[in-house]
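One structure is given here, and the rest of the page talks about it.
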Amino acid sequence: MPLIPEEPQIHESVPGPRVAPPAGRAASTPRPVPGPRPAPRPGRPGQNRGPAAPAQRTPADVARPAPAAPSVPTKASTTPQIQLIPASEQGALDAADEAVDLLLDSGRAPGDVLVLTIGDPHPWAVHELSFGDASYWAQHAAGDDVFYAAADADRATGRPVVVVAVNGGADEDVARSLPQALTRAGVLLIVCGDPQRINTMLAAGV
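Quick note on numbering: the sequence shown equals residues 104 to 309 in this note's numbering.
Put into structure tokens, the structure is as follows:
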């Protein structure tokens with residue numbers, strides 16, 4: 104009786120092709136599925152820690168509308184401060200120049216300062232007027248530097264700080280010029296001259 108080759112036994116297994124392990128190596132055991140990883144340890148400052156979660160915005164980070172300005176300004180906000188620098192009539196101009204230097208050294212912008220003289224004009228004004236009236240007032244309109252003018256010059260408009268040198272002039276000139284200078288000053292009026300005369304003229308003119 105002829106031998107019938109035995110049919111290979113078929114064992115149930117996972118569908119798909121079976122790969123025989125290489126000769127001499129044992130089949131590797133299946134590895135468990137990795138679970139959730141522990142949270143990474145914080146690194147040193149400057150290290151790349153990967154993408155960070157979006158930062159929580161605090162109320163301070165949210166833009167807030169600016170408070171509305173009061174419709175009616177208070178008296179304190181419209182009245183400039185008055186500072187008196189004692190000086191003789193001959194020394195009032197030098198005192199005004201020193202006041203300007205102190206203002207600029209303290210951080211005040213040159214275009215914020217207007218210097219007025221009640222007596223003789225400032226040497227700078229005399230020099231600039233020698234080039235013509237138009238050129239002189241063009242510098243005032245530019246508003247980027249200290250400007251010097253006569254106290255009775257109608258074209259000299261106001262600036263945040265006005266410095267007045269009482270270096271001459273009749274009493275009626277001083278009494279008229281000081282209140283006008285006060286209206287031109289935005290936040291500060293500096294008057295250089297004789298304190299008693301200035302106080303009397305301010306009281307008479309205001």
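Positions of the beta carbon are idealized from the N, C-alpha and C atoms, including for glycine. Given the structure is predicted, the values throughout are model-derived calculations rather than measurements.
Simplified DSSP assignment, three categories, for residue i
i	result
residue 162	The pLDDT assigned to residue 162 is 43, lower than 50, so where the model puts this residue is not dependable, and the model offers no usable value.
residue 193	coil
residue 292	strand
Residue span of the alpha helix (DSSP H) that contains residue i, given as start and end
i	result
residue 287	274 to 287
residue 268	Where residue 268 is concerned, there is no enclosing alpha helix (DSSP H), although the beta strand (DSSP E) it sits in stretches over 262 to 268.
First through last residue of the beta strand (DSSP E) which encompasses residue i
i	result
residue 216	216 to 220
Proximity below 8 Å, CB of residue i to CB of residue j
i	j	result
residue 195	residue 269	yes
residue 296	residue 190	yes
residue 221	residue 280	yes
residue 206	residue 301	no
residue 261	residue 237	no
residue 224	residue 248	no
residue 290	residue 183	yes
residue 253	residue 283	no
residue 211	residue 240	no
*asked:* Suppose only complete runs of 3+ residues qualify. What are the beta strand (DSSP E) ranges in the segment 223 to 257, listed by chain order?
replied: Along the length of the segment 223 to 257, whole beta strand (DSSP E) runs at least 3 residues long occupy 250 to 253, reported in chain order.
*Is there contact here, the segment 269 to 281 with the segment 240 to 248, by at least three beta-carbon pairs under 8 Å?*
The segment 269 to 281 is not in contact with the segment 240 to 248.
*Can at least three beta-carbon pairs, one atom from the segment 211 to 221 and one from the segment 248 to 268, be found at a separation below 8 Å?*
Yes: the two stretches touch, three or more of their Cβ pairs being nearer than 8 Å.
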